[in-house]
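Count along the sequence shown from 1, then add 2; that gives the number in this note's numbering.
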Amino acid sequence: MTAIISPRERKCERCGRRDLWEDDDVTWRIAVVDGEKQSGNPHCLHEWDINGTFNPVDS
(Lines of atoms letter the chains of each structure in order from A and count residues from 1; the text may use other names and numbers.)
(Lines give C-alpha, C1' and ligand atoms only; values in the text may rest on other atoms or scores of the structure.)
Protein backbone atom coordinates (compact mmCIF):
# COMPACT_ATOMS: atom_id res chain seq x y z
CA MET A 1 0.00 0.00 0.00
CA THR A 2 1.22 3.50 -0.81
CA ALA A 3 1.40 6.05 1.99
CA ILE A 4 1.61 9.84 1.86
CA ILE A 5 4.29 11.23 4.17
CA SER A 6 5.14 14.77 5.24
CA PRO A 7 8.57 16.21 6.01
CA ARG A 8 9.81 15.79 9.60
CA GLU A 9 12.54 18.43 9.43
CA ARG A 10 13.14 21.65 7.52
CA LYS A 11 15.94 24.22 7.27
CA CYS A 12 15.86 27.80 6.01
CA GLU A 13 18.24 28.23 3.08
CA ARG A 14 18.72 31.93 3.91
CA CYS A 15 19.40 32.10 7.66
CA GLY A 16 19.94 28.48 8.73
CA ARG A 17 16.94 28.16 11.05
CA ARG A 18 16.07 24.49 11.66
CA ASP A 19 12.63 23.20 12.62
CA LEU A 20 11.41 19.74 13.60
CA TRP A 21 7.82 18.51 13.34
CA GLU A 22 6.18 17.93 16.75
CA ASP A 23 3.52 15.21 16.49
CA ASP A 24 2.05 15.82 19.96
CA ASP A 25 1.35 19.51 19.33
CA VAL A 26 0.86 19.13 15.56
CA THR A 27 3.22 22.02 14.77
CA TRP A 28 6.79 22.90 13.83
CA ARG A 29 9.26 23.56 16.69
CA ILE A 30 12.67 25.23 16.51
CA ALA A 31 15.40 22.58 16.66
CA VAL A 32 17.80 22.58 19.61
CA VAL A 33 21.42 21.49 19.06
CA ASP A 34 23.78 21.23 22.05
CA GLY A 35 21.32 23.24 24.15
CA GLU A 36 21.10 26.10 21.64
CA LYS A 37 17.98 26.91 19.61
CA GLN A 38 18.62 26.98 15.87
CA SER A 39 16.38 30.02 15.41
CA GLY A 40 18.31 31.79 12.66
CA ASN A 41 17.30 35.39 11.92
CA PRO A 42 13.90 36.36 13.41
CA HIS A 43 13.37 38.90 10.59
CA CYS A 44 14.09 36.42 7.78
CA LEU A 45 11.39 35.51 5.26
CA HIS A 46 12.27 31.83 5.49
CA GLU A 47 13.00 29.88 2.33
CA TRP A 48 12.52 26.28 3.46
CA ASP A 49 14.52 23.49 1.84
CA ILE A 50 11.34 21.51 1.15
CA ASN A 51 11.00 21.71 -2.61
CA GLY A 52 10.39 19.57 -5.67
CA THR A 53 13.02 17.04 -4.58
CA PHE A 54 10.91 15.95 -1.58
CA ASN A 55 8.76 12.97 -2.52
CA PRO A 56 5.63 12.68 -0.33
CA VAL A 57 4.79 9.22 -1.72
CA ASP A 58 6.24 6.35 0.32
CA SER A 59 5.93 3.06 -1.50
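For every residue, glycine included, the Cβ atom is placed at its ideal position computed from N, Cα and C.
Other residues of its chain near residue i: CB distance less than 6 Å, five sequence neighbours each side excluded
{"i": "Asn43", "result": "Cys17"}
Backbone secondary structure at residue i - three-state DSSP
{"i": "Leu47", "result": "coil"}
{"i": "Cys14", "result": "strand"}
{"i": "Ile66", "result": "Since the first residue shown for the chain is 3 and the last is 61, residue 66 is missing from the structure and cannot be characterised."}
{"i": "Arg20", "result": "strand"}
Beta-carbon proximity list for residue i, same chain, < 7 Å, skipping 5 on both sides
{"i": "Val59", "result": "Thr4, Ile6"}
Same chain, Cβ closer than 8 Å to residue i, five either side skipped, listed in chain order
{"i": "Glu24", "result": "Trp30, Arg31"}
{"i": "Ala33", "result": "Glu11, Arg20, Asp21, Leu22, Lys39, Gln40"}
Cβ pair residue i, residue j closer than 7 Å
{"i": "His45", "j": "Cys14", "result": "no"}
Sequence ranges, beta strand (DSSP E) only - wholly within the segment 22-47, length at least 3: Taking only runs of at least 3 residues, the beta strand (DSSP E) segments lying wholly in the segment 22-47 are 29-32.
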